[in-house]
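Read through the structure below, which is laid out as structure tokens, and then see the notes.
In the numbering used here, the protein residues as written are 58 to 110.
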């Protein structure tokens with residue numbers, strides 16, 4: 058199994074703004090920058106996801 062793991066390429070997370078859901082969409086949704094960890098916006102569960110630039 059150890060040899061097989063070395064052959065599988067690791068996918069690095071995309072850098073920049075990313076929409077996320079905390080608490081399995083029960084608590085809140087947010088847009089957060091994965092490079093700086095800064096939150097750009099937080100929106101209610103019944104609202105549309107804001108555009109990510």
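All C-beta atoms, glycine included, are put in the ideal place defined by N, C-alpha and C.
I'd like the list of long-range same chain contacts for residue 96, defined as Cβ closer than 6 Å, with 5 residues on each side in sequence excluded. Within its own chain, the residues whose Cβ lies closer than 6 Å to the Cβ of residue 96, once the five positions on either side in sequence are excluded, are 87, 89, listed in chain order.
Helix, strand or coil at residue 92 according to DSSP, with G and I counted as helix: In the three-state DSSP reduction, residue 92 falls in the coil class, being neither helix nor strand.
Quick one, are the C-beta atoms of residue 75 and residue 91 less than 7 Å apart? Contact flag set, yes.
Three-state secondary structure (DSSP) of residue 107: DSSP, read as helix, strand or coil, puts residue 107 in coil.
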